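Residue numbers (this note's numbering): 15 to 396.
Heads up, the beta-carbon is just placed ideally off N, CA and C, and yes, glycines get one too.
The model shown is predicted, which means the values in this text are computed figures rather than measured ones.
Notes to accompany the following structure.
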Ligand SMILES: *Cc1c(COP(=O)(O)O)cnc(C)c1O
């Protein structure tokens, strides 16, 4: 992804912060939320924040003004949403639930989605309040990121059509499918067609259909009109309440990771050692992998640097970049699009400090949300 324009005022603010630090951009988040809210209004869908992508709950009151609620991957996220986004939709899906958690989930979650018939049979009797659903596996891949493809061979995620009974158990009120990752409307449309072909015969029995996450809705190229049309079709033809549960789509381009150049070494190429770490602060850079956009870089032809970190892991590298200007010890490097799958995934490997988290308000004032220290490292170890 290309770096976005950042105003000089904001650059000044970002460069004045202690490093490493995450900065959440309230203005950009608001802009995404308005896009999503508009889709809710036009299509009657309910949009839920996938907390596994972003759970910096200080922003939950703002998110709650525009979205219908949240989805959790288990008891902790469900509890967080219950506490920090009270009164909103609270859905939960997990490949398996612990028996001791199900009673609490039934109290705090309006919707519980089971991943298998075993799970449904084990836990459904304990559920008195929540609307119950199952996750289905459409067995229809539209992407080639194997680790993010729930339809790949051997996937544990979702019930396949061959394992569906003739008649659905009474208590099942909805279906859930999630197969996409950073994908456009066209892939959703193809996937829905497949779902409709295979599972459509059950739709008359249901109340709701959750179309999962992975929708790149707030990306500039996304076909929002197509999405609205499909959601309306599902509502009109089958009378189903639809849900979408984007993570990335909510916080796309809403954050920065600000770091300082600690050293500059040469080994065939020039390498900058930063106080931020890919392995500790944004492991998706290595796992996915992807190259995060950086402010003040070119596609080619600038000052070439490999960006790495203070850890002792040789592979702790963000990537190779071409900067507009020469970088020296003490200079700042600003990674963009750092709100998603970062703060929820940080770790203190190598005893690396966790980045402080700031909120950049729309008037360009910054507020510290959370500062971490040595205790945060030590407390997890004993
Ligand atoms: C990860 C996940 C999401 C959110 O995915 P994004 O790619 O961040 O939009 C939604 N639902 C389920 C079941 C997920 O596993």
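Burial state of residue i, where buried means 16 or more other Cβ atoms lie within 10 Å
i: residue 129; result: buried
i: residue 190; result: buried
i: residue 338; result: exposed
i: residue 343; result: exposed
i: residue 218; result: exposed
i: residue 188; result: buried
i: residue 174; result: exposed
i: residue 41; result: exposed
i: residue 22; result: exposed
i: residue 394; result: exposed
i: residue 266; result: buried
i: residue 151; result: buried
i: residue 100; result: exposed
i: residue 57; result: buried
i: residue 30; result: exposed
i: residue 149; result: buried
i: residue 315; result: exposed
i: residue 126; result: buried
i: residue 295; result: buried
i: residue 111; result: buried
i: residue 326; result: exposed
i: residue 102; result: buried
i: residue 63; result: buried
i: residue 186; result: buried
i: residue 19; result: exposed
i: residue 388; result: exposed
Residue range of the beta strand (DSSP E) that includes residue i
i: residue 360; result: Run containing residue 360: none; DSSP gives neither H nor E here.
i: residue 375; result: No beta strand (DSSP E) holds residue 375; DSSP gives it neither H nor E.
i: residue 354; result: First-last for residue 354: undefined, no H or E at that position.
i: residue 147; result: 145-149
i: residue 19; result: Premise fails: residue 19 is in no beta strand (DSSP E) and is neither H nor E.
i: residue 271; result: 269-281
i: residue 400; result: A question about residue 400 goes unanswered here, because the residues of the chain that appear run from 15 up to 396.
i: residue 86; result: 83-86
i: residue 381; result: 380-384
i: residue 348; result: 346-350
i: residue 334; result: 331-337
i: residue 310; result: It is not in any beta strand (DSSP E) - residue 310 carries neither H nor E in the DSSP assignment.
When the options are compared against residue i, the one with the closest alpha-carbon
i: residue 303; options: 331, 26, 132, 164; result: 331
i: residue 333; options: 290, 374, 361; result: 290
i: residue 210; options: 180, 244, 227, 166; result: 244
i: residue 319; options: 139, 313, 325, 285; result: 285
i: residue 61; options: 251, 169, 223, 268; result: 223
i: residue 78; options: 104, 312, 155; result: 104
i: residue 236; options: 215, 203, 208; result: 203
i: residue 16; options: 335, 386, 345; result: 335
i: residue 255; options: 63, 225, 123, 221; result: 221
i: residue 92; options: 123, 112, 167; result: 123
i: residue 363; options: 349, 86, 392, 36; result: 392
i: residue 142; options: 172, 268, 121; result: 121
i: residue 193; options: 180, 53, 208, 184; result: 208
i: residue 305; options: 216, 138, 352, 131; result: 352
i: residue 328; options: 158, 292, 349; result: 292
i: residue 369; options: 377, 259, 382; result: 382
i: residue 280; options: 53, 322, 311, 252; result: 322
i: residue 3; options: 373, 86, 162, 80; result: Residue 3 lies beyond the residue range present for the chain, which begins at 15 and ends at 396; the question has no answer from this structure.
i: residue 108; options: 25, 132, 377, 310; result: 132
i: residue 153; options: 171, 144, 159, 140; result: 171
i: residue 28; options: 178, 374, 390; result: 374
i: residue 361; options: 252, 53, 298; result: 298
i: residue 376; options: 386, 230, 282, 76; result: 76
i: residue 365; options: 253, 357, 390; result: 390
i: residue 197; options: 283, 166, 229; result: 229
i: residue 251; options: 215, 73, 139, 259; result: 215
i: residue 259; options: 26, 213, 74, 106; result: 106
Supposed contact pair residue j and residue i - C-beta distance, whole angstroms, cut 8 Å
i: residue 341; j: residue 275; result: 6 Å
i: residue 400; j: residue 273; result: A question about residue 400 goes unanswered here, because the residues of the chain that appear run from 15 up to 396.
i: residue 11; j: residue 232; result: A question about residue 11 goes unanswered here, because the residues of the chain that appear run from 15 up to 396.
i: residue 371; j: residue 70; result: 6 Å
i: residue 119; j: residue 89; result: 6 Å
i: residue 349; j: residue 271; result: 4 Å
i: residue 240; j: residue 199; result: 4 Å
i: residue 66; j: residue 261; result: 6 Å
i: residue 38; j: residue 269; result: 5 Å
i: residue 134; j: residue 357; result: Not really, about 33 Å apart at Cβ, beyond 8 Å.
Residue range of the unbroken alpha helix (DSSP H) whose run includes residue i
i: residue 320; result: Note, residue 320: premise wrong, no alpha helix (DSSP H); beta strand (DSSP E) at 317-323.
i: residue 93; result: 89-98
i: residue 206; result: 199-213
i: residue 59; result: Taken as a continuous stretch (DSSP letters only), residue 59 belongs to no alpha helix (DSSP H), as it is neither H nor E.
i: residue 126; result: Unbroken run through residue 126 is the beta strand (DSSP E), 125-128; no alpha helix (DSSP H).
i: residue 139; result: Neither: residue 139 is in no alpha helix (DSSP H) and is coded neither H nor E.
i: residue 247; result: 238-252
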